[in-house]
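> In the UniProt record's numbering, the protein residues as written are 1 to 289.
All C-beta atoms in this analysis are idealised placements derived from N, C-alpha and C, irrespective of residue type, glycine included.
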C-alpha cells in the first residue's frame with residue numbers, strides 16, 4: 001500500500017453535520033483488551049495504529065466511552081491530540097460495562113449528560129463533533145433520551161447526533177426531536193437485517209455506519225463467492241467486503257477496526273479496489289443470513 005493518503009481518499013466523502021470526511025474510516029473498539037475490556041496487550045502498537053490511520057488519509061474515527069471502558073478514547077487522545085484539523089472523532093454513550101463482553105443499556109438523561117462531559121475531557125475537545133446514542137434504553141422514555149441529545153446540541157457540547165442499533169420507526173421518531181446525521185447498525189456481507197434501515201438512510205441522506213463490516217460468513221469460505229472474487233482480483237477477502245460496502249451506497253461509512261498496523265494498511269487498501277458492476281451485484285444478491 002502506498003504511503004500516501006491518496007488511496008483512502010478514493011473512498012469518496014460524506015458530510016456529517018458541518019464536517020466532511022472520507023467514507024472509509026477507522027473503528028477504535030479493538031484498541032482495548034480481550035472482551036473490549038481494559039488495556040490492550042500492546043498499547044504502543046495501538047497508538048501507532050491510530051497515527052498511521054491518519055497518515056493514510058483516515059479522517060473519521062469512531063469510538064465509545066464503553067470501549068475499555070474509556071481506554072479507546074484515551075488512546076485516541078494520546079495518539080492525536082492536538083487533533084489535525086481534518087479529523088472527526090465520533091464517540092458514543094448509553095452502554096454500561098460490568099466486565100469483559102458485558103454491555104448494559106443505560107439511557108437516563110443525567111447519565112448520558114455525564115458521559116458526554118467525561119468524553120469531552122478524555123478526548124480533550126470542546127465539542128464532540130458526532131455524539132451517538134449507543135443503545136436505546138427500553139426502561140427510559142424515548143423522548144427523554146433523544147431530548148437530552150438535543151439539549152447537548154443546543155448547548156454546543158455536541159455537533160451532530162447519531163443513533164445505533166435502531167429501526168426505521170425509531171429514526172423517524174427521533175428526527176421529530178433532533179436532526180439525525182448518522183445511524184450505526186450491524187451490517188455486512190453476511191448480515192443484512194438492517195437492509196431497510198440502509199435503504200431509508202440512502203433516501204434521506206443519513207450516514208450509515210456498518211459495524212463489524214468485514215464479516216463475510218460462508219461467502220468467504222473456499223469456493224464461495226468472496227473467495228472467487230478474491231482470486232479474480234488478487235485482493236484479500238476483507239478488502240472485498242469493504243469495497244462492496246463502499247459500492248452499496250454513497251451514504252455508507254465503513255469503520256473497520258484493528259490493533260495492528262499491518263491489518264490497518266490491508267483494510268484501507270479497500271478504498272482503491274474497484275469491483276466490477278457484476279461483482280457488486282453478485283455480492284449484493286448473495287445474502288448469507
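Which runs of the beta strand (DSSP E) spanning at least 3 residues fall entirely within the segment 44-79, listed in chain order?
60-62
> Once DSSP output is grouped into helix, strand and coil, what is the label at residue 285?
helix
> Is the Cβ-Cβ distance between residue 182 and residue 162 less than 9 Å?
yes
> When DSSP builds the beta bridges, which residues end up paired with residue 183?
163, 208
> Cutting at 7 Å between CB atoms, please list the residues of its own chain near residue 212, excluding the five before and the five after it.
186, 188
> Does the distance from the CB of residue 17 to the CB of residue 160 come in under 9 Å?
yes
> How would you label residue 274, buried or exposed, when you count the other beta carbons within 10 angstroms and need 16 or more for buried?
exposed
> Taking the alpha-carbon of residue 128 as reference, which of 83, 102, 106 has the nearest alpha-carbon?
83
> Could you say which of 121, 138, 72 lies nearest to residue 157 if we only look at CA atoms?
121
> How long is the line joining the alpha carbons of residue 180 and residue 43, rounded to whole angstroms?
34 Å
> Using only the alpha-carbon positions, how far apart do residue 124 and residue 77 sit?
7 Å
> Roughly how far, in whole angstroms, is the beta-carbon of residue 66 from the beta-carbon of residue 134, given that I think they are within contact range, below 8 Å?
Indeed they touch by this definition, with Cβ atoms about 7 Å apart.
> Cβ atoms of residue 109 and residue 96: under 9 Å apart, would you say?
no
> Buried or exposed: residue 270, going by 16 or more other Cβ atoms within 10 Å of its Cβ?
buried
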